[in-house]
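Enquirer: So that we are looking at the same thing, I have put the structure below in structure tokens.
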Amino acid sequence: MQILNLKQLFLTNRQQPMQKKFVATAIGHVPWGDGAAEYFYNLYEYEDGTRECEKFDGGQYYTIPENADFSTKAQVKAWIYGGNVPRNILNVEPLIEEVNKNIKKHSVKMVMDDRDDRDDEPMLKKMEKEIEKALHQEFKKSAKKKSISKEI
Numbered sequence: 001m002q003i004l005n006l007k008q009l010f011l012t013n014r015q016q017p018m019q020k021k022f023v024a025t026a027i028g029h030v031p032w033g034d035g036a037a038e039y040f041y042n043l044y045e046y047e048d049g050t051r052e053c054e055k056f057d058g059g060q061y062y063t064i065p066e067n068a069d070f071s072t073k074a075q076v077k078a079w080i081y082g083g084n085v086p087r088n089i090l091n092v093e094p095l096i097e098e099v100n101k102n103i104k105k106h107s108v109k110m111v112m113d114d115r116d117d118r119d120d121e122p123m124l125k126k127m128e129k130e131i132e133k134a135l136h137q138e139f140k141k142s143a144k145k146k147s148i149s150k151e152i
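Here my numbering is used: the first residue of the sequence shown is 1, the next is one more, and so on.
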């Protein structure tokens, strides 16, 4: 058995804890009596690709809300094991800075386009499509990076 001296004991390089990055907040419902209970899931991803979530209680409704999605819990669990981000996302603001820049760039472009021509399609729908396109492109990039890093 080897005895460590004080210098070896206190000057060893310790691993830093991994940084946890906020991804999104998902909102979902579960049956509660005749109604539904609301839950919020904060989704986090670590630097090494592992994922986790925190679950928070929301409101309890005696009747089921029209927009209630009872599959969010399963979607969150699938996301933890490598699936796609759940559909009912409440907040994706701090997702990725590049996406936010891309969204701002597209929204400025859409506002300028809306002033120039008046289409039948409202400006908000156009902006939603552009935001969705920007998010889709960014998710494709991150998926490619992950697949490349897994191959290495």
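C-beta: ideal position from N, C-alpha, C; glycine also.
These figures come from a predicted structure and were not determined experimentally.
#1: Using DSSP bridges, identify the partner residues of residue 85.
#2: Would you say the beta carbon of residue 41 comes nearer than 7 Å to a heavy atom of the ligand FAD?
#3: Using three-state DSSP, classify residue 128 as helix, strand or coil.
#4: Per DSSP, which one or two residues make a beta bridge with residue 75?
#5: So, helix, strand or coil for residue 68, using DSSP?
#6: Secondary structure at residue 54, three-state DSSP: helix, strand or coil?
Expert: For this structure:
#1: Here residue 85 refers to the residue found at position 85 when the sequence shown is read from its first residue. Bridge partners of residue 85 according to DSSP: none are assigned.
#2: No copy of the ligand FAD appears in this structure; indeed no ligand is present at all.
#3: The sequence position of residue 128 within the sequence shown is 128, counting from 1. Three-state result, residue 128: helix.
#4: On the sequence shown, residue 75 is found 75 positions in, with the first residue counted as 1. Residue 75 pairs with nothing; no bridge assigned.
#5: Against the sequence shown, residue 68 aligns to sequence position 68. Shown here, residue 68 sits in coil according to DSSP, grouped into three states, outside any helix or strand.
#6: Locating residue 54 in the sequence shown gives position 54, counting from the first residue. Three-state result, residue 54: strand.
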